[in-house]
Structures are given as structure tokens and as C-alpha cells.
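Structure first, commentary second.
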Amino acid sequence: RIRQIDVELVERMAERGHGDGIADIGGPLTARIICEQLGFDWSEVGTEKVAVWTKAVLDQIGRMQTREDMLENARVMCELQNYIICYIDAREAEPREDMISDLVHARLDDGANPTLSREEKIATVRGFLIAGNDTTATAIANLLLVLATNPGLADELAPQADNERVMMRFVEEVLRLQPPVHGLFRTAMKDTVLGGTPIPAMAQLCVLYASANDDDAKFPDPRRLDIERPNVGASLTFGSGIHKCVGLSLARMEIKVAAQE
3 RIRQIDVELV
13 ERMAERGHGD
23 GIADIGGPLT
33 ARIICEQLGF
43 DWSEVGTEKV
53 AVWTKAVLDQ
63 IGRMQTREDM
73 LENARVMCEL
83 QNYIICYIDA
93 REAEPREDMI
103 SDLVHARLDD
113 GANPTLSREE
123 KIATVRGFLI
133 AGNDTTATAI
143 ANLLLVLATN
153 PGLADELAPQ
163 ADNERVMMRF
173 VEEVLRLQPP
183 VHGLFRTAMK
193 DTVLGGTPIP
203 AMAQLCVLYA
213 SANDDDAKFP
223 DPRRLDIERP
233 NVGASLTFGS
243 GIHKCVGLSL
253 ARMEIKVAAQ
263 E
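If you're matching positions, the sequence shown starts at 3 in my numbering and goes up one per residue.
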């Protein structure tokens, strides 16, 4: 299914004779796939609406909004959440084969909290929608950038496009070299020591994945693309531990299919 959508997008871009990695390939591909996984009706959502929803949510992270921007983004986020609520209510009454149905009907052997609260369901679906399209779309654009800035690389890989090992290792190196997210903030929940530096409770830390991916003690000659690295795939692009990206398998698949096409 991912391959079919990707072929359609590539053909459409080729017909126009030009294109943009995110707007023409990465954005439509990842938005459509995550919407179908969640159970949204793609015909009533579409790439543009997902892009508007995504921007409104991500602008909250950047903290660079004017008051007018904040009010407009709040309006858009309310629209998104009301849209999600309609699907949650529908799936509670009549489950289907989609992720929203799985979320609203999930049960744990926990007498105190056996299910997600209504607020948690809404927030989780919203998180899946935004995280499931924006970063992967950027990763696909970065993949195109790597191909465009490494002369001969596309010609070298083309005969091996159906070689799963080669293409997955190529994708992993692209993700290491050009991670879609360079860093995210974390809050220390208690006093601790990190690398010999005391970190007080509630301190804000910026975890720079991109910097870690360039650690020459871990990746010799880190700026060189080398799909034969013994530890290819050991980057921190998808995070680590309890913060590791839950959608990494889907993201890798989408990026690989984009590379093959």
C-alpha cells in the first residue's frame, strides 16, 4: 500500500517536471499513510488539512508565536481535537480495523486505571497524527538531499533498489547523517549527575541527537556516508529508552519505499 501511494506521487511530480521533497512526496505520503492507519477518511482530510493541523501543534513547541498566531493555532487545534473526538465516539460505538479502535478499546489488568481517559485518548491520537507525518516527511526530503549532494550515489544504488539489505542500510545512514529532529528538550525529574556534571531537579536539557550521531568514537569518520558500517542503525535518531519513537518501524518502511522509487 505504501509503495502504491509512493509511485503515484513520484509519477505526479514527474509530470509537472519539478517538485519539492516535502510538499510533493514526503508530506502526502506520510500524511495519507498515518491517516489510513488511524482510520480517518482521507477524502475529507487530505494533505493540506493535515499540514495546517501539524503546523498549529508544532508552533506550540517553537514558542515563537505572536498573540494572533497563538489564537489562530488554538482555533485550529480545537478543530483537530473535535475531529478526533468524532472518530473516538464512533469507534467506541462500532470498532473497526484501525488504530483508534485499538486505543479506545484497549484494556489493562489494572483495577485503578484499566483504560485510557478520554483526554488521554484524544491526546494520543493527536500525537500519532502529528508525529506520524511531520518527521518522516522531513526524513524523506533529507534522503533526497543526500542523493542530490552525493554525485554518483543514485546511479550506484539504482541497480540495488530491490535489495532490502542495501536499501535499509542506506536509509539508516541517511537517518544518522541527516536526522529529521536534531534535538528535543527533556526535564530532569530529580537531582542527578550526567557525564560528571551535576543536573538539578527540574532543569531543562536539550538532548542533541544529531550531535550524538556525529560522535567519532562511535562512528569513525562520521560525516562519511558508509552503508557498510558494522554498527549501521545504532544512531540516536529515534531516541532511546522510554522515549524511543513508537513509530520507528513504520517510518523506516516509508523512507525505504521512497528511496526505492
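Glycine included, every Cβ here is placed at the ideal spot set by N, Cα and C.
Next on the checklist: Judging by CA-CA distance, which residue of Tyr211, Ala150, Thr49, Asn84 is the nearest neighbour of aspartate 136?
Outcome noted: Ranking Tyr211, Ala150, Thr49, Asn84 by CA distance to the CA of aspartate 136 puts Thr49 first.
Next on the checklist: Using the Cβ count rule (16 or more neighbours within 10 Å means buried), how would you classify methionine 169?
Outcome noted: Methionine 169 comes out buried.
Item to check | Which listed residue (Ala92, Gly235, Gln206) has its alpha carbon closest to that of asparagine 215 | outcome: Minimum Cα distance to asparagine 215 is reached at Gly235.
Item to check | alpha helix (DSSP H) segments (min. 4 residues) lying fully within the segment 163-229 | outcome: Listed in chain order, they are 166-179, 211-214.
Checklist entry - Expressed to the nearest angstrom, what Euclidean distance is found between the alpha-carbon atoms of glutamate 256 and glutamate 46? => result Rounded to whole angstroms, glutamate 256 to glutamate 46 spans 23 Å at the Cα level.
Checklist entry - Which residues in the same chain have their Cβ closer than 6 Å to the Cβ of arginine 171, if we skip the five residues on either side of it in sequence? => result If we look at arginine 171 and ignore the five residues flanking it on each side, its Cβ neighbours are Ile229, Val234.
Next on the checklist: Please report the distance separating the alpha-carbon of valine 52 from that of glycine 198.
Outcome noted: Valine 52 and glycine 198: Cα-Cα distance of roughly 43 Å.
Item to check | DSSP state of glutamine 62 mapped onto helix, strand, coil | outcome: Correct three-state label for glutamine 62: helix.
Item to check | Which of helix, strand or coil DSSP assigns to glutamate 246 | outcome: Note on residue identity: the sequence assigns lysine, not glutamate, to residue 246. The answer is coil: DSSP assigns lysine 246 none of H, G, I, E or B.
Checklist entry - What span of residues does the alpha helix (DSSP H) with proline 30 cover, start to end? => result Where proline 30 is concerned, the enclosing alpha helix (DSSP H) stretches over 29-40.
Item to check | Inter-stretch contact at 8 Å, needing at least 3 Cβ pairs: the segment 173-183 / the segment 58-76 | outcome: In this structure the segment 173-183 does not lie against the segment 58-76, because fewer than three pairs of beta carbons, one per stretch, are closer than 8 Å.
Item to check | Spatial distance of aspartate 164 from glutamate 263 (CA atoms) | outcome: Roughly 10 Å separates the two Cα atoms.
Checklist entry - Taking just the CA atoms, how far does glycine 113 sit from isoleucine 132? => result Rounded to whole angstroms, isoleucine 132 to glycine 113 spans 31 Å at the Cα level.
Next on the checklist: Does tryptophan 55 pass the burial test, meaning 16 or more other C-beta atoms within 10 Å, or should it be called exposed?
Outcome noted: Around the beta carbon of tryptophan 55, a 10 Å sphere encloses 16 or more other beta carbons of the protein chains shown; the residue is thus reported as buried.
Next on the checklist: I want to know whether the segment 202-216 touches the segment 179-193 - three or more CB-CB distances under 8 Å.
Outcome noted: By the Cβ criterion, the segment 202-216 is in contact with the segment 179-193, since at least three pairs of Cβ atoms, one from each stretch, lie closer than 8 Å.
Item to check | Nearest-angstrom beta carbon gap, valine 173 and alanine 58 [assumed within contact, 8 Å] | outcome: Their Cβ separation, rounded to whole angstroms, is 30 Å, which puts alanine 58 and valine 173 out of contact at 8 Å.
Next on the checklist: Taking 7 Å as the limit between beta carbons, can you name the residues of its chain near valine 106, skipping five residues before and five after?
Outcome noted: Ile90, Arg93, Glu94, Lys123.
Checklist entry - Does the beta-carbon distance from cysteine 208 to phenylalanine 187 come in below 7 Å? => result Taking 7 Å as the cut-off, the beta carbon of cysteine 208 is found closer than this to the beta carbon of phenylalanine 187.
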